[in-house]
Structures are given as C-alpha cells and as structure tokens.
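**Student:** Attaching a single structure in structure tokens format; questions to follow.
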Amino acid sequence: MWCTGHNRSSRICKFRFLCYNPTFDQYLFFHGPETVIEGVPSNRFDPAFLDMSSIEDHNTQYFNYVDYPVQALESFPNIIMIDDFSVVFHRFHPGNIMHVFHDDLLPLYHTLRQFSMRKQAIDWESKLVFMDGWDEGPYIELYKLFANTDFILKRDVKMGNSLTCFRHGIIGVSKYTTWYHYGFKQPQGPLPHIALTGQYLHHFTGFIKRKLGILNGHSNSEDHYVVLCSRDNNRLIINELDLSLAIARHLNKQVIRLSLDTHSLREQIQLVSHADALIGMHGSILIMGMFLPPGASLIELFPFGINPDNYTPYRTMVELPGMSISYLSWKNKIEENTITYPDEAPEFGGINHLSEKQQQDIINTKEVPTHLCCSNPYWLYRIYQDTVVDIPSFLQVLKSTVNRQRMAQFALQFHRLYPGKVVNITCGIPSDNQQPALWLSWKPPTNVHYINATGVTYEVWIQEVERDDYVAYKLDFTEYVFKDHLRSNTQYYVWIRCIVDDVEGPFGEAVECMTL
C-alpha cells in the first residue's frame with residue numbers, strides 16, 4: 001500500500017489486494033513477506049486513516065482496514081477477485097445535483113487524471129466502486145461518463161458472504177477541486193485554501209459537454225436568451241410568469257424556463273452553456289452555473305430572512321479566478337411577499353412540532369442566525385418559503401448586472417508561470433574608474449519571451465565577501481554600472497533574479513566580482 005498526503009484529509013492510497021468483508025462491513029489488508037507499506041501513519045485510528053469522500057473529516061466517510069496475515073486467506077472459502085484497476089470511494093449525496101458535481105464528479109475527474117497510467121488523461125478501463133451504501137441515484141448517467149466498465153455499488157459486494165478482493169486500485173478521492181464546506185463543525189462557507197481555478201473548472205465542464213455531445217458556443221450568434229430556474233415543489237417563485245415577462249422586456253431577450261423535473265441533464269447543460277444569464281432561487285440547480293460561458297451572469301435569489309452573504313457556494317464558484325462570470329444576488333426584504341409552511345415536516349420548514357415559544361421566536365426572527373448543518377429550524381423555516389419576487393427591486397439588480405457585464409474585462413487565468421534563472425552574468429570594471437565601481441550585464445531567462453507579461457524587472461544583490469549584509473537594487477534593464485556602497489580592491493558576491501510582473505524567479509549562482 002502506497003499512500004500520499006500528510007494527514008487523513010489529504011491522504012489517498014494506491015493498493016494491491018485490498019479486500020472487503022460484507023459480514024462485518026470491514027476492509028481487510030493481508031500482510032505477507034513481500035508487503036510494502038508506505039505513507040501509513042503509526043496511529044491510523046485517530047480517528048481514521050483517510051476520508052472516503054471529498055468531504056473533510058465527516059465521521060460517515062472514514063476509512064480504515066483490519067490487518068491480517070496472508071495465511072488467514074485460507075479461512076475465507078469464497079473469494080471474488082476484481083481484476084480491473086478499481087477506484088474505491090464514497091459519493092456524498094448522489095441525489096442532489098450540486099453535491100454530485102462539487103463533492104463527487106470534480107474530485108473523481110481530478111483523481112482519475114492524477115492516477116492515470118495510460119497515454120490518455122483518464123484511464124477509461126478503471127472500475128468505479130461506490131462503497132457509500134446509496135443506490136444508483138438519479139444522476140448515475142453522469143458517473144458513467146468517467147469509465148467504460150460497469151460500476152460497482154456497495155450492495156453488489158454485500159450480497160452473500162463472499163470476500164471481495166480488489167487486485168489493484170486507489171482508495172479515497174482528491175479534495176483539490178472542492179471550494180465549499182457545508183457547516184458540519186462551523187457555519188458553512190468557502191474553504192480557506194481553494195486550489196481550483198476557473199480555467200480548471202472550464203476544463204472539467206468542457207469534458208462533460210464533450211462526453212454528452214454538446215458543442216461550445218452559440219448555435220446562432222443572434223440567439224441570446226436568459227435561463228430562469230423554476231422549482232416545482234417548494235421554494236417557489238409565486239409570480240414566476242410575471243418575473244419572466246419583466247426580464248424579457250427589460251433585456252429584450254427570450255427567457256427560457258429550466259427545471260430539474262422537466263429537462264434532462266443534457267438539456268439543462270446545453271441551455272445553460274449558451275445562455276447570457278442564469279437566474280434562480282438559491283438551490284442545487286444553480287450548480288449549473290459552472291457551465292455558463294465566460295461573460296455571462298449568475299443572479300441568485302434568496303427568500304425573506306436569508307442573508308446572501310452566509311450562503312455562498314455558487315457565488316464562490318463563479319468568482320473563482322478565471323471563471324469570468326458576473327455574480328449578483330437579490331433578497332426578498334418584504335415579509336408580506338412570502339408564504340411559510342409551519343405545518344410541513346420539520347425537514348421541509350415545519351415548526352409545529354416545537355414549543356409555542358420556540359415557534360414565535362422563529363417567526364419573529366427576521367434574519368436567520370448563522371448555524372451548523374443540517375437541521376436548524378430557523379434556517380429550514382425560511383429556506384422553504386415561497387416568494388413573490390418584488391419586480392422593481394429585482395430589475396434594479398438586473399440593471400446592475402448588465403452594467404457590470406459591459407464594464408467587465410475578463411481575461412483567461414492560467415497557472416502562474418515563473419521566470420527561470422538569468423543567464424550570461426558578466427561583471428567587469430568600468431573604463432573611467434575614478435571611484436570603486438562594478439559593471440554588470442546579463443541576459444533574460446530563456447523562458448521570459450514566452451510569458452505574457454506587462455513588466456519585466458531584475459533584482460540585483462551585491463554583498464561584500466565575509467559580510468552578512470547586502471545592497472539590493474531593482475532595475476528595468478540588463479546592464480548597469482554600480483557605484484554606491486562599494487570599496488576599492490574588494491571582492492563582492494553578486495546575485496541576480498528576474499521578476500515578471502509580481503512573480504519572482506530564482507536567483508542564479510553567485511558571481512564573484514572585484515573592484516579596483
């Protein structure tokens with residue numbers, strides 16, 4: 001077993017011969033004379049070895065294994081061997097499209113690329129093994145895009161009493177692409193260190209569209225439209241038709257209604273991929289905003305009492321560097337324009353199961369306090385409201401979006417490119433050496449001409465031999481005579497590095513120079 005990552009959260013392991021015992025719901029690892037264990041901590045039970053999903057430190061996602069000597073295999077009469085390279089992990093919430101993309105598919109995409117041993121970026125012959133215990137779920141067709149082989153569910157390996165052994169594969173999934181946490185230990189919000197860029201997210205959405213046979217760009221350059229997300233069961237926009245007409249009149253564009261219930265996934269992605277804007281009530285369908293083309297807008301609506309600044313998964317997504325999508329939110333500030341459902345089940349905003357005092361406190365609270373996931377009654381009561389959108393105030397937001405689009409200058413963001421070492425450093429003594437001086441010249445790094453930059457500067461350090469202090473200069477050119485802070489007949493070390501915009505390259509080896 002070979003593991004990378006310095007802790008449970010970042011750890012992913014490549015293995016040979018990992019087994020699963022359905023009788024005790026345990027993973028087994030058999031040790032023999034040729035066993036290699038690398039990157040496994042001495043204490044892997046505090047509280048677990050690694051996370052099986054991209055959700056950090058959730059106790060339903062922990063993985064560990066039980067150690068056995070290889071001779072113990074003889075006590076298992078029925079063994080099923082899976083020969084394919086297996087990717088064993090947990091889906092977190094396969095019934096919710098936001099969680100499917102953020103928690104499962106993006107991490108899976110990155111993990112498959114990271115561990116592919118083939119010429120192509122992804123090994124299509126890998127076998128996906130979902131050990132989360134969920135059924136297939138409504139979005140299983142999206143998971144199927146990532147492998148040509150049949151997937152395995154946990155229920156498949158729990159049938160009977162056979163020991164299922166995976167000949168080789170990886171366990172766990174990368175968290176590199178996640179950008180949001182759901183508030184299990186502190187109120188929800190963006191992750192503190194987001195590695196994902198808009199460029200990488202566009203790369204992922206391009207992959208999904210290619211697999212679904214969706215072409216990029218507008219099918220008709222004059223066919224501009226806005227997508228309005230519609231909900232059919234709860235969190236409704238009561239005046240949806242009036243809102244659609246107002247948007248159409250204001251923008252002079254067609255408004256297309258989009259619903260999870262009436263459009264296939266392919267239709268949803270295709271519509272959003274060509275839209276000028278995506279508008280909708282806070283909810284999972286707004287994850288489709290990742291498919292918006294650069295220059296488009298995402299406008300998120302919030303029911304009464306919900307502070308948009310406290311719930312930002314979609315805002316964080318479209319504001320990733322290089323995403324090039326404008327974001328604005330609208331919040332219902334008129335309590336009379338809302339319908340609550342105190343008689344519903346608690347998970348859908350009902351509060352009648354609570355004491356009279358608690359009910360009144362929730363009703364009288366005009367903004368939901370920050371809270372943990374996932375059953376806070378203040379949050380559920382307000383988020384499952386239906387809303388009459390105040391059209392004049394919404395059109396003000398829409399106007400701001402249009403102005404922002406006109407003013408925005410979107411640029412593609414790529415990984416930071418660092419200049420190399422400067423070359424051909426030469427030092428000498430100027431001809432008119434009336435005072436101590438050094439003439440230095442150098443050539444730019446060999447890769448500078450290939451970096452799209454607005455400014456190239458050089459930092460020069462001059463240090464007298466056997467002294468700790470030095471004098472630093474920043475120059476715009478590659479040749480200069482230095483006269484300040486120099487002494488006659490003295491030896492100096494010189495270091496030079498290139499700076500492209502604000503990106504600092506490495507110093508080269510020290511060059512020794514001598515003054516007269």
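The sequence shown begins at 1 in UniProt numbering and counts up by one.
Each residue gets a CB set at the ideal place from its N, CA and C atoms; glycine is no exception.
Sorted by chain position, which residues of the same chain lie with C-beta nearer than 7 Å to D123's C-beta, five sequence neighbours on each side aside?
**Tutor:** Cβ neighbours of D123 beyond the five flanking positions: F85, L112, S116, M117.
**Student:** Is M16 helix, strand or coil when you go by DSSP?
**Tutor:** A quick correction: the sequence has Arg, not Met, at residue 16. R16: strand per DSSP, three-state reduction.
**Student:** Report the start-end ranges of each alpha helix (DSSP H) in the stretch 142-210 that is 4 residues or longer and not cut off at the edges.
**Tutor:** Taking only runs of at least 4 residues, the alpha helix (DSSP H) segments lying wholly in the stretch 142-210 are 154-158.
**Student:** How should I37 be labelled, buried or exposed, when 16 other C-beta atoms within 10 angstroms of its C-beta is the threshold for buried?
**Tutor:** Exposed is the call here.
**Student:** Output needed for I79: all residues of its chain with C-beta closer than 7 Å, excluding positions within five of it in sequence on either side, in chain order.
**Tutor:** Here the set comprises S162, L163, C165.
**Student:** Could you check the C-alpha separation between S273 and N216 for me, to the nearest Å?
**Tutor:** Each residue's Cα considered, the two are about 7 Å apart.
**Student:** Who are W2's beta bridge partners in DSSP?
**Tutor:** W2 is bridged to K14, E38.
**Student:** Who are the near neighbours of Y480 in its chain, counting only those whose CB is closer than 7 Å to its CB and skipping five residues on each side?
**Tutor:** So the qualifying residues of the chain are L440.
**Student:** Hey, how far is the Cα of N59 from the Cα of S9?
**Tutor:** Their backbone Cα atoms lie some 12 Å apart in a straight line.
**Student:** Please name the residue in D25, P138, Y65 whose C-alpha comes closest to that of G160.
**Tutor:** Selected option, being the one with the closest Cα: D25.
**Student:** Using only CA atoms, which one of N376, Q463, I496, G505 lies nearest to F184?
**Tutor:** Comparing Cα-Cα distances from F184 to each of N376, Q463, I496, G505, the minimum goes to N376.
**Student:** Give the DSSP bridge partners of G428, in chain order.
**Tutor:** BP columns for G428 point to W439.
**Student:** Please go through the UniProt domain "Fibronectin type-III" (421-516) and give each complete beta strand (DSSP E) segment of 3 or more residues, from N-terminal end onward.
**Tutor:** As far as the UniProt domain "Fibronectin type-III" (421-516) is concerned, its whole beta strand (DSSP E) runs of at least 3 residues are 423-428, 438-443, 456-464, 471-475, 479-482, 491-500, 511-514.
**Student:** Does the separation of the CB atoms of T177 and L196 fall below 9 Å?
**Tutor:** Against a cut-off of 9 Å, the Cβ pair of L196 and T177 comes out as a contact.
**Student:** Could you name each continuous beta strand (DSSP E) segment of 3 residues or more that falls completely within the stretch 284-324, going from the start of the chain to the end?
**Tutor:** Correct list: 297-302.
**Student:** Taking the alpha helix (DSSP H) that V100 falls in, what are its first and last residues?
**Tutor:** Unbroken run through V100: none, as it is neither H nor E.
**Student:** Assuming A277 is part of the beta strand (DSSP E), what are its boundary residues?
**Tutor:** Unbroken beta strand (DSSP E) run through A277: 277-281.
**Student:** For R257, does the three-state DSSP call read helix, strand or coil?
**Tutor:** R257 falls in the strand class under three-state DSSP.
**Student:** In this structure, how does DSSP classify K399 when only helix, strand and coil are distinguished?
**Tutor:** Here K399 sits in helix by DSSP.
**Student:** At the level of alpha carbons, what is the spacing between H202 and M290?
**Tutor:** Cα-Cα distance, rounded: 8 Å.
**Student:** Should the stretch 345-358 be called in touch with the stretch 302-321, which here means at least 3 C-beta pairs below 8 Å?
**Tutor:** As far as the Cβ criterion goes, the stretch 345-358 does not touch the stretch 302-321, which means the pair count is below three.
**Student:** Residues bridged to P33 by DSSP?
**Tutor:** For P33, which the question treats as bridged, DSSP gives no partner whatsoever.
**Student:** Taking the DSSP output, what are the residues bridged to V66?
**Tutor:** DSSP, once it has assigned bridges, lists L28 as partnering V66.
**Student:** Pick helix, strand or coil for W124, following the three-state DSSP scheme.
**Tutor:** DSSP places W124 in coil when its eight states are reduced to three.
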